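What follows is a set of notes on a single structure, which appears directly below.
There are 2 protein chains.
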Amino acid sequence: MEIITSLNNGTIKEIAKLKQRKYREKTGTFLAEGKHLYEEAKRCGIVKQVLLRADSGLNVEEESVLYVSDEVMHKLSDTVSLLDIITVCRIPKAKEVSGNKVIMLDGVQDPGNIGTIIRTAISFGYRDIILGASTVDIYNEKVVRSTQGALFEINAVRADLTIIIPELRQKGYHVYGTALQNGRPMREFVPVDKIVLVFGNEGNGVSDEVLSLTEKNIFIEMETFESLNVGVAAGIAMYYFK
Amino acid sequence: MEIITSLNNGTIKEIAKLKQRKYREKTGTFLAEGKHLYEEAKRCGIVKQVLLRADSGLNVEEESVLYVSDEVMHKLSDTVSLLDIITVCRIPKAKEVSGNKVIMLDGVQDPGNIGTIIRTAISFGYRDIILGASTVDIYNEKVVRSTQGALFEINAVRADLTIIIPELRQKGYHVYGTALQNGRPMREFVPVDKIVLVFGNEGNGVSDEVLSLTEKNIFIEMETFESLNVGVAAGIAMYYFK
């Protein structure tokens, strides 16, 4: 077997570029680190290419396998520990929103928060996620790592929220924003089918423009002015409306 | 004013040791970074000493102020950005658990998760937190930073959970564990007064020993075998029972 040992190898340089959003979008691919994510990617049929650490002793049955040195693996991975495998995955094609329970993110910035929200969504049966332009890329390696496979099970749709909200409402969806102030207390709400829950930016919440387009806006009742982490707030609302 | 510029200064070395749990426990003090936490600490009356970056232009009215160089400030702080102020705070004395809503942690390891749980607890009116031996120190700088002051508002009690659970039950508290399996679905529960909610380790949940001592055990109903982040699970349960 041929082992790539040079950091200047053309293919390795191309793969390393997938750490940047613009190259992920240009190529329609992203990186998933480690064996568990390889297996999940395989199960979902999105494996494009596999990089194996030559000394790992791992074997996989794939059309395209590259064997690389420890040094190359280190360069490509985002974690401190030495990985045995990195998978180049195809970004799944977004499907039309069709589930009964939908999440929408307006300007969520922290990859850890997005990862938490996606894991919680899958736990509670929310299978579609709509991402506004100002929300971070979910194929960012931190999101990929923190969702540990849940990412591959969700239908992710990028959209202009000001366009898609009226469309969804026309299709019978109840689009509920979450508001830091001026919303109605969540306990006044009765869970309904065909729901879209909108969560917002860590500092500023859902934008006023989006809140003006929703059917209703929810406020999670608190005892203090302390603000909830958006991942926690999303979890509470997703459980309530599931 | 005298400015400490040497990293070998005896006082600076003592303060730097507060990054280690054993020195925090030995001295009954911990470090809080930045202006917001200084103000919160002052409001709570737990300021012991203040370190100011000499070039910051900041002024504070405190009995004990040390002026330090940028280099010394860098050494003491945990963050990349240069701080203007670090506060040496007194660890508040634990009071007897007296609130109606109490949180108990059994082996929670991640400082970010603890920080999230404390912020959520304060938001929902849980004012006592009981920490088992295997739970990380809440005066760890990552917890201090992530709670941003909520930490100073909670009564934190270290205890042997196998001893305190029976004591609390005797005092009329309903101690509910959260279980990864075999608990009763949360929606079967009616919120009660005098409640203690127990959350567990990120990988293994609440220990079997603790689950055997609780009055009842709760299971948060999910659609999949995906596991919830403990900070999210805690938020959902705290909201439900608040």
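For the protein sequence lines, the chains are A and B, in the order given. First residue of the first sequence: 1, per this note's numbering; consecutive thereafter. First residue of the second sequence: 1001, per this note's numbering; consecutive thereafter. Ideal Cβ placement from N, Cα and C applies to all residues, glycine included. Computed from a predicted model, the values in this text were never measured in an experiment.
query = Between the C-alpha atoms of residue 1165 of chain B and residue 1133 of chain B, what's the straight-line distance to the nearest angstrom?
reply = Counting from one through the second sequence, the residue named residue 1165 of chain B turns up at place 165. Counting from one through the second sequence, the residue named residue 1133 of chain B turns up at place 133. Distance between the alpha carbons of residue 1165 of chain B and residue 1133 of chain B: 14 angstroms.
request  = Would you identify the three-state DSSP class for residue 48 of chain A, choosing helix, strand or coil?
outcome  = Translated into the one-based positions of the first sequence, residue 48 of chain A becomes position 48. Residue 48 of chain A falls in the strand class under three-state DSSP.
message = Closer than 7 angstroms between beta carbons: that is the criterion. Which residues of the region 1093-1123 of chain B meet it against chain A?
response = 1116, 1119, 1120, 1122, 1123
inquiry  = Rounding to the nearest angstrom, what Cα-Cα distance links residue 219 of chain A and residue 1093 of chain B in this structure?
reply    = By 1-based counting over the first sequence, the position of residue 219 of chain A is 219. By 1-based counting over the second sequence, the position of residue 1093 of chain B is 93. About 35 angstroms.
key: Whole-number beta carbon distance between residue 72 of chain A and residue 7 of chain A, since they are thought to touch under 8 angstroms   = Translated into the one-based positions of the first sequence, residue 7 of chain A becomes position 7. Translated into the one-based positions of the first sequence, residue 72 of chain A becomes position 72. Right, their Cβ atoms sit about 6 angstroms apart.
inquiry  = On the CB-based measure, 16 or more other CB atoms within 10 Å of its CB, does residue 1111 of chain B come out buried or exposed?
reply    = The residue you call residue 1111 of chain B lines up with position 111 of the second sequence. Classification of residue 1111 of chain B: buried, given that the 10 Å Cβ count is 16 or more.
message = On the CB-based measure, 16 or more other CB atoms within 10 Å of its CB, does residue 190 of chain A come out buried or exposed?
response = For this step, residue 190 of chain A is matched to residue 190 along the first sequence. That one is exposed.
key: Continuous alpha helix (DSSP H) stretch holding residue 88 of chain A: start and end   = Translated into positions along the first sequence, residue 88 of chain A becomes position 88. Element bounds for residue 88 of chain A: not the alpha helix (DSSP H) but the beta strand (DSSP E), 85-90.
ask   = residue 191 of chain A by DSSP, collapsed to three states: which one?
value = The sequence position of residue 191 of chain A within the first sequence is 191, counting from 1. Three-state DSSP puts residue 191 of chain A in coil, outside helix and strand.
inquiry  = At the level of alpha carbons, what is the spacing between residue 1124 of chain B and residue 226 of chain A?
reply    = In the second sequence, counting from the first residue as 1, residue 1124 of chain B sits at position 124. In the first sequence, counting from the first residue as 1, residue 226 of chain A sits at position 226. Distance between the alpha carbons of residue 1124 of chain B and residue 226 of chain A is about 9 angstroms.
task = Establish whether the CB of residue 1217 of chain B and some CB of chain A are separated by less than 8 angstroms.
result = Your numbering for residue 1217 of chain B matches position 217 in the second sequence. Not closer than 8 angstroms to any Cβ of chain A, the Cβ of residue 1217 of chain B fails to qualify, so no.
message = For residue 1105 of chain B, tell me which candidate among B/1199, B/1009, B/1210 has the shortest Cα-Cα distance.
response = Indexing the second sequence from 1 puts residue 1105 of chain B at position 105. Comparing Cα positions, the closest option is B/1199.
task = Give me whichever residues DSSP pairs with residue 1129 of chain B in a beta bridge.
result = Position 129 of the second sequence holds residue 1129 of chain B. Residue 1129 of chain B is bridged to B/1103, B/1156.
message = I want to verify the contact list: residues of chain B whose CB lies under 7 angstroms from the CB of residue 223 of chain A, in sequence order.
response = The sequence position of residue 223 of chain A within the first sequence is 223, counting from 1. Result: 1123, 1124, 1125.
key: Buried or exposed (CB count within 10 angstroms, at least 16 for buried), residue 1140 of chain B   = Taking the second sequence and counting its residues from 1, the one referred to as residue 1140 of chain B is at position 140. Under this definition residue 1140 of chain B is a buried residue.
ask   = Which residue or residues does DSSP assign as beta-bridge partners of residue 1216 of chain B?
value = Position 216 of the second sequence holds residue 1216 of chain B. Looking at the DSSP assignment, residue 1216 of chain B forms a beta bridge with B/1176.
query = Under 8 angstroms Cβ-Cβ, which residues of chain B neighbour residue 226 of chain A?
reply = The residue you call residue 226 of chain A lines up with position 226 of the first sequence. Residues of chain B passing the Cβ test: 1119, 1122, 1123, 1150.
ask   = Out of curiosity, what's the CA-to-CA distance linking residue 1144 of chain B and residue 1038 of chain B?
value = Working through the second sequence from its first residue, we reach residue 1144 of chain B at position 144. Working through the second sequence from its first residue, we reach residue 1038 of chain B at position 38. If you take the alpha carbons of residue 1144 of chain B and residue 1038 of chain B, they lie about 12 angstroms apart.
ask   = CB-CB under 7 angstroms to residue 1046 of chain B, same chain, minus the five flanking residues each way: which ones, in chain order?
value = The residue you call residue 1046 of chain B lines up with position 46 of the second sequence. So the qualifying residues of the chain are 1089, 1090, 1092, 1152.
ask   = Going by C-alpha distance, which of B/1087, B/1135, B/1005 is nearest residue 1043 of chain B?
value = Position 43 of the second sequence holds residue 1043 of chain B. The residue with the shortest Cα to Cα distance from residue 1043 of chain B is B/1087.
inquiry  = For residue 154 of chain A and residue 102 of chain A, what's the separation of their Cα atoms in angstroms?
reply    = Residue numbering aside, residue 154 of chain A sits at position 154 when the first sequence is read from its first letter. Residue numbering aside, residue 102 of chain A sits at position 102 when the first sequence is read from its first letter. If I take the Cα positions, the gap works out to 10 angstroms.
task = Starting from residue 29 of chain A, follow the beta strand (DSSP E) in both directions and report where the run begins and ends.
result = Translated into the one-based positions of the first sequence, residue 29 of chain A becomes position 29. 29-33 is the span of the beta strand (DSSP E), which, as asked, contains residue 29 of chain A.
ask   = Can you tell me whether DSSP reads residue 1241 of chain B as helix, strand or coil?
value = By 1-based counting over the second sequence, the position of residue 1241 of chain B is 241. Of the three classes helix, strand and coil, the one that applies to residue 1241 of chain B here is helix, per DSSP.
query = Under 8 angstroms between C-beta atoms, does residue 235 of chain A make it to chain B?
reply = In the first sequence, counting from the first residue as 1, residue 235 of chain A sits at position 235. Yes, because at least one Cβ of chain B sits closer than 8 angstroms to the Cβ of residue 235 of chain A.
request  = Compare the Cα-Cα distances from residue 137 of chain A to each of A/2, A/15, A/25, A/55 and report the closest residue.
outcome  = The sequence position of residue 137 of chain A within the first sequence is 137, counting from 1. The shortest C-alpha separation from residue 137 of chain A is found at A/25.
query = Which residues in the same chain have their Cβ closer than 8 angstroms to the Cβ of residue 16 of chain A, if we skip the five residues on either side of it in sequence?
reply = Along the first sequence, read from residue 1 onward, the residue named residue 16 of chain A stands at position 16. Cβ neighbours of residue 16 of chain A beyond the five flanking positions: 75, 76.
inquiry  = Strictly below 8 angstroms CB to CB, what residues from chain A border residue 1220 of chain B?
reply    = Along the second sequence, read from residue 1 onward, the residue named residue 1220 of chain B stands at position 220. 239, listed in chain order.
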